[in-house]
Amino acid sequence: MIHAYIGEGKGKTTAGIGLIIRAYGANKKTALIAFDKASKSYRHSEFAVFDKLGIEYYVTGLERMTSNGKFRFGTTKEDIAEAERGLSKVFEMLNRPDIDVLVLDEILSAMTYGLLERTAILDLISIIPKKLEVIMTGRCDDEKLLQKADLITSMNKIKHYFDKGVQAREGIEY
Numbered sequence: 001m002i003h004a005y006i007g008e009g010k011g012k013t014t015a016g017i018g019l020i021i022r023a024y025g026a027n028k029k030t031a032l033i034a035f036d037k038a039s040k041s042y043r044h045s046e047f048a049v050f051d052k053l054g055i056e057y058y059v060t061g062l063e064r065m066t067s068n069g070k071f072r073f074g075t076t077k078e079d080i081a082e083a084e085r086g087l088s089k090v091f092e093m094l095n096r097p098d099i100d101v102l103v104l105d106e107i108l109s110a111m112t113y114g115l116l117e118r119t120a121i122l123d124l125i126s127i128i129p130k131k132l133e134v135i136m137t138g139r140c141d142d143e144k145l146l147q148k149a150d151l152i153t154s155m156n157k158i159k160h161y162f163d164k165g166v167q168a169r170e171g172i173e174y
């Protein structure tokens, strides 16, 4: 099955990681490829449990935190090259018979924000093996692409403490 965890709310990555933990607990072979998450803050918290459990993961992207602690927005040629590197890894992983569950974290956001072409994601979806559970996360409102998913869960922001000026917190947002 193909899952899509989308929306403007918090929890898309958390849901994908939760499914990896559940599958891992059921003795399934899991892996994750993260798009645009190479910032040191993600490395420290978000993937530390994977290191401890021996869960396979690959991180792509460039540092987005600037020296003054601000988040770098925008897309550079180097950002696109990193996303394409991640996509190449996805195609490689699709051919691995030992993987049962594959999470493509923020792949939909990578498409939405111009790091990856929509046609590349559609091509990827068209060759997913039937036995592989694939979870795609990120912001996406592309109806044609989303129709390819077997499950769509939308995380909708109703209220968020960011709106009151609360900064992202280690272990909670990253």
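The numbers in this note's numbering rise by one with no breaks, and the one at position 56 of the sequence shown is 56. Backbone N, C-alpha and C fix where the C-beta goes; we use that ideal spot for every residue, glycine too. For clarity, every value in this text was computed on a predicted model and none was experimentally measured.
ask   = When you compare only the Cα positions, how much space is there between glycine 138 and arginine 64?
value = 17 Å
query = What is the rounded straight-line gap between the Cα of valine 90 and the Cα of tyrosine 57?
reply = 11 Å
request  = Please work out which residues of its chain come closer than 8 Å, Cβ to Cβ, to glutamate 8, disregarding the five sequence neighbours upstream and downstream, and give them in chain order.
outcome  = Arg139, Met155, Asn156, Lys157
request  = Assign valine 166 to one of three DSSP states: helix, strand, or coil.
outcome  = coil
request  = Determine the burial state of valine 166: buried for a count of at least 16 other Cβ atoms within 10 Å of its Cβ, exposed for fewer.
outcome  = exposed
key: phenylalanine 91, DSSP secondary structure in three states   = helix
request  = Per DSSP, which residues does methionine 136 bridge with? Please list them.
outcome  = Ala4, Leu104
inquiry  = Quick check on DSSP: helix, strand or coil for alanine 81?
reply    = helix
message = Below 6 Å, is the gap between the Cβ of arginine 85 and the nearest heavy atom of the ligand NAD?
response = For the ligand NAD, the structure offers nothing, since it holds no ligand at all.
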